[in-house]
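What follows is a single structure, written as structure tokens, with notes after it.
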Amino acid sequence: MNDFSVSMALVDFIPVLFFAIAAVILQRDLYNKMSKGAFALFAAGTINVTCAGALKAIWKLLYALGVCDFEALNAMFFPVQSIGFLLAGIGILAMLTHKQSKSAALAVAPPVFSGTFVFVGLMVAGLGIMDAVLCILAGKLKKPALIAIFVLSFVCSLCMGYLSSQNFAEASMNWIAEGVNVIGQGTLLLGVCLLHKNGLADYKIREEKAE
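Under the numbering used here, the residues of the sequence shown are numbered 39 to 249, in order.
Laid out in structure tokens, this is it:
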């Protein structure tokens, strides 16, 4: 039996909100730097991640309120979120490399294996790519201090991967995971906001490469 409280369920919405805001800022700032294919992958990936997190938070809230145990909302979390992160990572990487490949999108079809390990791997790979590109952009904007913020966000995400293998039926594990997730998505949002403030929207990636 899961030990969820209403307050715990509501806190679970905070990292989802942080990530959603960061994703919207990045989509607006990077739109004119991406091909349609790259932006479609990035947008679809971030939307998947946001929806997966929101639906799991809703599952916790429904459970805590005693409405029902909507297990499907919990079961879909890892597959939808991990594939979302991988799509977002591929999309933002394509922005730098200018390589367009339709096969890349097909390569992230949901795997048929059971368990969560494969999904944790996809999530970490996608997050790693996305944070690496954001670090590169921070360097190009001459804001190396922001790299530490994105590294911290990635480390928190790695911790979430480890925590996902623990027993989430206990309230203590849920609070720890939610705290790590809030810090991870909060630092991502902070880094994205600072990139935006320092001119990410006006930065010309393609013009720089063409010179």
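Even for Gly, the Cβ is constructed at its ideal location relative to N, Cα and C. This one's a predicted model, so the numbers in the text were calculated from it and none came from an experiment.
Assigned with DSSP and collapsed to three states, CYS231 falls in helix.
Going by C-alpha positions, PHE192 is about 19 Å away from ILE85. 7 Å or more divides the Cβ of LEU233 from the Cβ of ILE59. Sequence-distant Cβ neighbours of LEU175 in its own chain, meaning closer than 8 Å and more than five residues away, are LEU233, LEU238 and TYR241. DSSP places LEU179 in no alpha helix (DSSP H); its state is neither H nor E.
Within the region 50-117, the alpha helix (DSSP H) runs of at least 4 residues that lie entirely inside it are, in chain order, 51-68, 74-102 and 109-113. At the C-beta level, GLY91 and VAL54 come within 7 Å of one another.
Look at the beta carbons and you see the region 73-87 touching the region 121-128: at least three pairs across the two are nearer than 8 Å. Each residue's CA atom was taken as its position, placing THR135 and LEU103 some 48 Å apart.
Secondary structure at ALA239: coil, using DSSP grouped into helix, strand and coil.
SER43 carries a coil assignment under DSSP once its states are collapsed to helix, strand and coil. At the C-beta level, MET198 and ASN212 stay beyond 7 Å of one another. For the pair GLN119 and VAL87, the CB atoms are nearer than the 7 Å cut-off.
Of all alpha-carbon atoms in ILE63, ILE52, PHE51 and LEU48, the one lying nearest the alpha-carbon of GLY229 is that of ILE63. Taking each of LEU190, ALA209, ASN236 and ALA113 in turn and checking the Cα distance to GLN223, the smallest one comes out for LEU190.
Ranked by Cα distance from ALA163, the options CYS231, PHE57, GLY129 and ASP50 are led by GLY129. A residue is called buried when at least 16 other Cβ atoms come within 10 angstroms of its Cβ; LYS98 meets this threshold and is buried. Approximately 5 Å separates the beta-carbon atoms of ILE243 and LYS71; this is inside 8 Å, confirming the contact.
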